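Participant: Got a structure for you, written out below as structure tokens; questions coming shortly.
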């Protein structure tokens with residue numbers, strides 16, 4: 004296999020024009036309710052108070068490696084305006100609007116067919132829009148190495164994050180034979196192990212977190228989808244003549260809702276023999292829970308995490324305060340709570356009970372209708 | 004003594020035109036920060052969610068006994084606009100604007116001099132603007148009986164509330180010899196007893212809560228002030244020719260700030276031999292603390308008190324939620340807290356630590372300046 008690194012690809016002038024990026028941007032972020040809402044999910048929020056939303060950060064992050072016009076945003080039709088507002092520099096035809104929620108496999112399939120119609124030689128990085136990545140220089144090195152690998156091999160490549168703790172909320176990938184530096188065959192996928200198993204995984208050094216970041220050639224993923232998810236490709240093959248034409252939108256409006264709802268992991272990755280994992284070591288967090296956000300955020304001297312608010316804390320620690328808009332919070336005698344203020348909704352909930360937030364959202368819908376969702 | 008009740012005085016057509024009401028309306032309500040603010044203290048808030056502020060409720064309450072044009076509002080100059088906005092039906096000259104905070108004796112003295120200049124035969128009820136009174140028919144009977152008493156006697160009459168619990172936050176009045184039905188001489192005043200003493204007080208049946216509601220003739224209180232607080236009357240005597248004239252405002256601007264700051268209780272009531280207490284039994288609460296408000300407010304099925312907000316509570320009770328504007332609060336695992344949301348400030352504090360709020364307000368001033376006060 005060819006794993007030579009093209010040293011020039013690290014500079015903007017040498018960006019490979021066959022490289023594309025698909026940013027998956029359709030999630031609803033209900034676990035961060037009410038800080039994230041159906042109308043403005045997590046990826047559209049400046050979650051870290053940096054002045055850029057998670058989507059904008061995801062976009063910024065790939066620009067050194069992918070030409071601006073090769074970035075494709077796949078999102079729900081509901082969020083079209085938000086995407087346009089947050090990424091005003093991209094063209095309308097770079098935004099693929101899903102008319103229904105169908106999980107990641109149909110999303111990835113559509114994007115692959117669309118990109119393949121633009122450039123049959125395209126290679127693609129697929130990335131979530133709502134994860135946190137630090138040490139971006141390492142990220143960039145990893146992605147460039149990954150592109151080189153998938154451009155030289157008919158492989159599906161997933162990025163595996165070196166685990167730093169026995170996290171029970173993530174999927175793990177067990178690595179097999181090394182096929183290139185830091186790129187290995189996949190032995191097993193394991194979803195959300197219990198704590199004892201997670202500890203064994205971390206200690207073994209053989210298990211990596213499944214990041215949900217993928218690299219492949221458009222042709223490769225379309226071929227693999229044909230083999231492992233023919234019910235998905237059956238839908239998209241009917242539109243082969245329309246991708247990257249004015250008729251694409253109409254076709255998708257009619258065809259997409261007929262797709263099964265299935266994740267790319269379940270549809271392809273866990274079945275294919277052509278899956279490889281690139282073991283990477285940049286900072287990564289899926290920001291999937293308040294506790295994850297707490298653990299990965301800087302604490303102030305009281306041991307609290309504050310998002311966009313000033314907190315005056317008395318005998319209070321271990322809390323996470325997340326506020327929309329400027330606000331002063333004065334708190335006494337509160338430990339290990341989530342305090343999330345969204346203007347018209349205030350949530351106060353122990354961090355240990357955050358798994359109940361989903362039920363709360365259901366209850367709110369039942370009692371108050373949709374206005375607070 | 005004459006304690007005949009004029010039965011006609013209970014109907015609007017028979018309101019005695021010599022009867023005046025002074026509503027003291029200058030407090031800053033810092034104990035309810037941030038729900039009450041320096042810019043809009045407690046008395047101007049619709050505290051009970053009835054659609055009328057405590058000031059408006061105080062005004063409404065005296066109208067059956069005092070002609071509308073005989074109601075005088077004494078407030079700080081800062082709150083002139085709030086008073087005009089909340090009581091648009093009263094004339095500008097019915098609002099006395101204190102240029103400085105000087106406690107109740109100077110406030111009451113000025114109002115007495117002002118009213119005496121309007122009507123030398125005036126009798127006056129003096130009432131706070133920020134207390135809660137229920138069973139208003141009993142209140143009305145008590146006030147009418149009080150007016151009759153002070154109009155027939157050169158007496159200072161204070162209303163004593165039959166205590167319902169050994170409250171340690173109130174002043175108590177011990178009653179002496181009965182001089183008319185439910186009207187007694189005063190034996191002692193006791194400020195804020197400890198709990199053991201408060202229990203003895205309540206059990207004895209001899210002690211009543213000092214309500215801060217007074218009745219007297221204008222002439223009587225001016226005479227008594229001359230005797231017991233000559234440093235106060237010395238200030239106001241210099242303006243005898245200006246009360247109820249266009250020059251009054253200018254005079255007060257210059258003279259009032261030179262007054263000592265002293266309460267009417269300390270200046271006169273605790274010293275005078277002409278003080279009587281009318282023992283009354285209407286519902287009364289000074290709403291002086293969050294806990295008092297909690298105790299006196301209806302609880303929902305979870306045992307929480309909610310002010311103007313919808314609360315969805317999970318394993319949470321004994322809390323008081325006070326919110327400016329419409330808001331949904333979702334709370335889990337919180338017991339016996341104050342949660343007060345004022346838009347730009349959120350306070351979360353155990354009810355048991357509410358005495359610390361004053362210090363918090365000081366800390367906020369120090370760290371953030373005046374904008375949150």
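Chains as they are written, first to last, in the numbering used here: chain E, 4 to 376; chain A, 4 to 376. By construction, the Cβ of each residue, glycine as well, lies at the ideal position given by its N, Cα and C atoms. Computed from a predicted model, the values in this text were never measured in an experiment.
Residue 151 of chain A: which of A/220, A/61, A/285 sits nearest, CA to CA?
Facilitator: Ranking A/220, A/61, A/285 by Cα distance to residue 151 of chain A puts A/220 first.
Participant: Tell me the DSSP bridge mates of residue 312 of chain A?
Facilitator: The partner list for residue 312 of chain A (beta bridge, DSSP) is empty, contrary to what the question assumes.
Participant: Any Cβ of chain A within less than 7 Å of the Cβ of residue 5 of chain E?
Facilitator: Bear in mind that the predicted position of residue 5 of chain E carries a pLDDT of just 45, short of 50, making it unreliable; the figure below should be weighed with that in mind. It does not; no Cβ of chain A falls within 7 Å.
Participant: Within the 7 Å Cβ cut-off, does residue 332 of chain A reach chain E?
Facilitator: Taking Cβ atoms only, chain E reaches closer than 7 Å to residue 332 of chain A, which makes this a yes.
Participant: So which of A/155, A/201, A/209, A/210 has the shortest CA-CA distance to residue 183 of chain A?
Facilitator: Looking at the Cα atoms, A/155 is the closest of the given residues.
Participant: Under 7 Å between beta-carbons, which chain A residues line up against residue 60 of chain E? List them in chain order, please.
Facilitator: Residues of chain A passing the Cβ test: none, with the nearest at roughly 28 Å.
Participant: If you follow the beta strand (DSSP E) that residue 3 of chain A is part of, which residue opens it and which one closes it?
Facilitator: There is simply no residue 3 of chain A to check, as chain A begins at 4 and stops at 376 in what is shown.
Participant: Within 7 Å (strictly less), CB to CB, does residue 354 of chain E reach chain A?
Facilitator: Closer than 7 Å: no.
Participant: Any idea what DSSP makes of residue 190 of chain A, helix, strand or coil?
Facilitator: Strand at residue 190 of chain A.
Participant: State the Cα-Cα distance for the pair residue 375 of chain A and residue 268 of chain E, rounded to the nearest angstrom.
Facilitator: Approximately 51 Å between the Cα atoms of the pair.
Participant: Starting from residue 93 of chain A, trace the alpha helix (DSSP H) both ways and give me its first and last residue.
Facilitator: Note, residue 93 of chain A: premise wrong, no alpha helix (DSSP H); not H, not E.
Participant: Out of E/335, E/346, E/339, E/47, which one is the CA nearest neighbour of residue 341 of chain A?
Facilitator: Comparing Cα positions, the closest option is E/335.
Participant: Measure the C-alpha to C-alpha separation of residue 40 of chain A and residue 196 of chain E and round it to an integer number of angstroms.
Facilitator: Whole-angstrom Cα-Cα distance: 52 Å.
Participant: Counting only Cβ-Cβ distances shorter than 8 Å, please list the residues of the region 296-319 of chain A near chain E, keeping chain order.
Facilitator: Here the close residues are 313, 315, 317.
Participant: Once DSSP output is grouped into helix, strand and coil, what is the label at residue 33 of chain E?
Facilitator: Three-state DSSP puts residue 33 of chain E in a helix.
Participant: Listed in chain order, which residues of the region 188-200 of chain A have Cβ atoms closer than 8 Å to some Cβ of chain E?
Facilitator: If the cut-off is 8 Å between Cβ atoms, the region 188-200 of chain A has nothing near chain E.
Participant: Any idea which residues DSSP pairs residue 317 of chain E with across the strands?
Facilitator: E/335.
Participant: For the region 107-117 of chain A and the region 251-267 of chain A, state whether three or more C-beta atom pairs, one from each stretch, are separated by less than 8 Å.
Facilitator: A contact exists between the region 107-117 of chain A and the region 251-267 of chain A.
Participant: Does the beta carbon of residue 9 of chain E sit closer than 7 Å to a beta carbon anywhere in chain A?
Facilitator: The predicted position of residue 9 of chain E is uncertain, since its pLDDT is 45 and thus under 50; a value taken from the coordinates is nonetheless stated next. It does not: the Cβ of residue 9 of chain E has no partner Cβ on chain A nearer than 7 Å.
Participant: Report the option in A/48, A/163, A/366, A/273 whose CA atom is closest to the CA atom of residue 310 of chain A.
Facilitator: Closest option to residue 310 of chain A, Cα to Cα, is A/48.
Participant: Strictly under 7 Å for the Cβ-Cβ distance: is residue 38 of chain E near chain A by that measure?
Facilitator: No, residue 38 of chain E does not count as interfacial toward chain A.
Participant: For chain E, check one thing: does any of its Cβ atoms lie closer than 7 Å to the Cβ of residue 351 of chain A?
Facilitator: Yes, its Cβ sits closer than 7 Å to a Cβ of chain E.
Participant: Who does residue 40 of chain A pair with in a DSSP beta bridge?
Facilitator: Answer is A/43, bridged to residue 40 of chain A.
Participant: Entirely within the region 67-140 of chain A and at least 3 residues each: give me those beta strand (DSSP E) ranges in chain order.
Facilitator: Listed in chain order, they are 74-79, 98-101, 126-131, 135-137.
Participant: Would you tell me roughly how many angstroms separate the C-alpha atoms of residue 346 of chain E and residue 332 of chain E, rounded to the nearest one?
Facilitator: Cα to Cα, residue 346 of chain E sits roughly 13 Å from residue 332 of chain E.
Participant: If you draw a straight line from the alpha carbon of residue 211 of chain A to that of residue 76 of chain A, how long is it in whole angstroms?
Facilitator: Their backbone Cα atoms lie some 27 Å apart in a straight line.
Participant: Let me make sure I understand the geometry here. Which of E/326, E/119, E/295 has the alpha-carbon closest to that of residue 244 of chain E?
Facilitator: Comparing Cα positions, the closest option is E/119.
Participant: Beta-carbon within less than 6 Å of residue 175 of chain E's beta-carbon, same chain only, minus the 5 sequence neighbours each way: which residues are those?
Facilitator: Here the set comprises 193, 204, 210.
Participant: Indicate whether at least one CB of chain E lies closer than 7 Å to the CB of residue 363 of chain A.
Facilitator: Yes, its Cβ sits closer than 7 Å to a Cβ of chain E.
Participant: From residue 1 of chain A to residue 348 of chain E, what does the alpha carbon distance come to, in whole angstroms?
Facilitator: The requested residue 1 of chain A does not occur in the structure, where chain A is confined to residues 4 to 376.
Participant: Rounded to a whole number of angstroms, what is the C-alpha to C-alpha distance between residue 229 of chain A and residue 324 of chain A?
Facilitator: One C-alpha to the other measures close to 47 Å.
Participant: Taking CB distances under 7 Å as the criterion, tell me whether residue 245 of chain A reaches chain E.
Facilitator: Chain E contact via Cβ: absent.
Participant: Spell out the partners DSSP gives residue 183 of chain E in its beta bridges.
Facilitator: DSSP lists E/186 as partners of residue 183 of chain E.
Participant: Check whether the Cβ atoms of residue 281 of chain E and residue 160 of chain E sit closer than 7 Å, and answer yes or no.
Facilitator: Yes, the pair counts as a contact, with Cβ atoms nearer than the cut-off.
Participant: Does the contact criterion of 3 or more C-beta pairs under 8 Å hold for the region 56-66 of chain E versus the region 162-176 of chain E?
Facilitator: As far as the Cβ criterion goes, the region 56-66 of chain E does not touch the region 162-176 of chain E, which means the pair count is below three.
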